[in-house]
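Going by our numbering, the sequence shown opens with residue 705, and the numbers climb by one from there. From the three backbone atoms N, C-alpha and C, an ideal C-beta is built for every residue, glycine too. So the structure is just underneath, and the comments pick up after that.
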Amino acid sequence: MKKIRILVLSGILLILVCIPTLFYIQDRSKIGKTIDSYKNVNVCYNGYFYTKSYGKHFSDDGYYYGRSWQCVEFIKRFYYEAKGHKMPDLYGNAKDYFSYSTKQGEMNVQRELLQYYNGGNVAPKEDDLIVFTDTKYGHVAIITEVTENDIEVIQQNVYGKPRQRFSMTNKDGCYYVGTDKKPAGWLRTE
């Protein structure tokens with residue numbers, strides 16, 4: 705009876721070790737591969753472990769995009785490749801892209817983009833950079849579509865969700881995005 709119990713426990717332990725290892729090996733082979741694109745800028749797969757980085761990524765002329773396949777890397781690469789826009793402050797986590805000291809509609813000097821608050825009087829629009837500050841590092845994405853009732857974003861480093869929709873309401877001329885997960889606001893070129 706004791707030998708059977710040991711064999712069963714050994715089998716369970718083997719399964720608990722092998723399955724995640726096989727998943728990790730298979731998942732790792734997809735790292736850096738294109739999983740979506742928007743305006744000819746690719747979204748690359750970062751894997752299951754969202755905090756993992758795969759080195760620094762630079763443009764051909766040396767502009768620093770960020771840590772490979774993180775959300776910040778994608779939005780900086782998008783603004784550079786699709787808009788020709790270089791952000792003056794090259795560093796920071798995603799939540800650092802929204803400046804609470806910048807007033808509604810004023811220039812966010814670290815990003816050289818106009819900044820608008822969620823719940824303010826300016827609706828988000830296509831190509832805006834949207835910033836979530838509600839987690840340790842935050843999250844950033846690019847708005848690809850705006851309808852009367854929601855927005856769609858494209859993002860990097862959200863496992864299995866390169867695109868996601870968030871509800872939007874207009875109440876007395878103020879625009880509110882999100883229900884459970886709400887962004888701090890959005891930034892845009894002039």
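Since I believe residue j is in contact with residue i (beta carbons under 8 Å), could you give me their beta-carbon distance rounded to a whole number of angstroms?
i: Ala798; j: Val776; result: 5 Å
i: Lys829; j: Arg892; result: 7 Å
i: Asp740; j: Pro866; result: 4 Å
i: Trp890; j: Asp832; result: 4 Å
i: Tyr758; j: Gly788; result: About 26 Å; that fails the 8 Å criterion.
Please classify residue i: is it buried, with 16 or more other beta-carbons within 10 angstroms of its beta-carbon, or exposed?
i: Pro792; result: exposed
i: Glu849; result: exposed
i: Asn744; result: exposed
i: Lys807; result: exposed
i: Gly837; result: Per the sequence shown, residue 837 should be read as Thr rather than Gly. By the neighbour-count rule (16 or more Cβ atoms within 10 Å), Thr837 is buried.
i: Phe802; result: buried
i: Gly770; result: buried
i: Phe762; result: exposed
i: Arg898; result: This structure cannot speak to residue 898, because the chain is shown only from 705 to 894.
i: Val857; result: buried
If we ignore side chains and look at the alpha-carbon of each, how far apart do residue i and residue j end up?
i: Lys734; j: Lys875; result: 43 Å
i: Phe782; j: Trp773; result: 12 Å
i: Phe753; j: Ala888; result: 25 Å
i: Ser871; j: Gly766; result: 38 Å
i: Asn750; j: Leu817; result: 27 Å
i: Ile779; j: Lys885; result: 19 Å
Within 8 Å of any Cβ in chain C, is that where the Cβ of residue i sits?
i: Arg781; result: No chain C appears in this structure, which consists of one protein chain only.
Under 8 Å: do the segment 817-831 and the segment 860-880 share three or more Cβ pairs, one atom per stretch? Short answer: they touch.
With a floor of 4 residues, list each alpha helix (DSSP H) that falls wholly inside the segment 745-820, ordered by position along the chain. For the segment 745-820, whole alpha helix (DSSP H) runs of length 4 or above, ordered along the chain, are 775-787.
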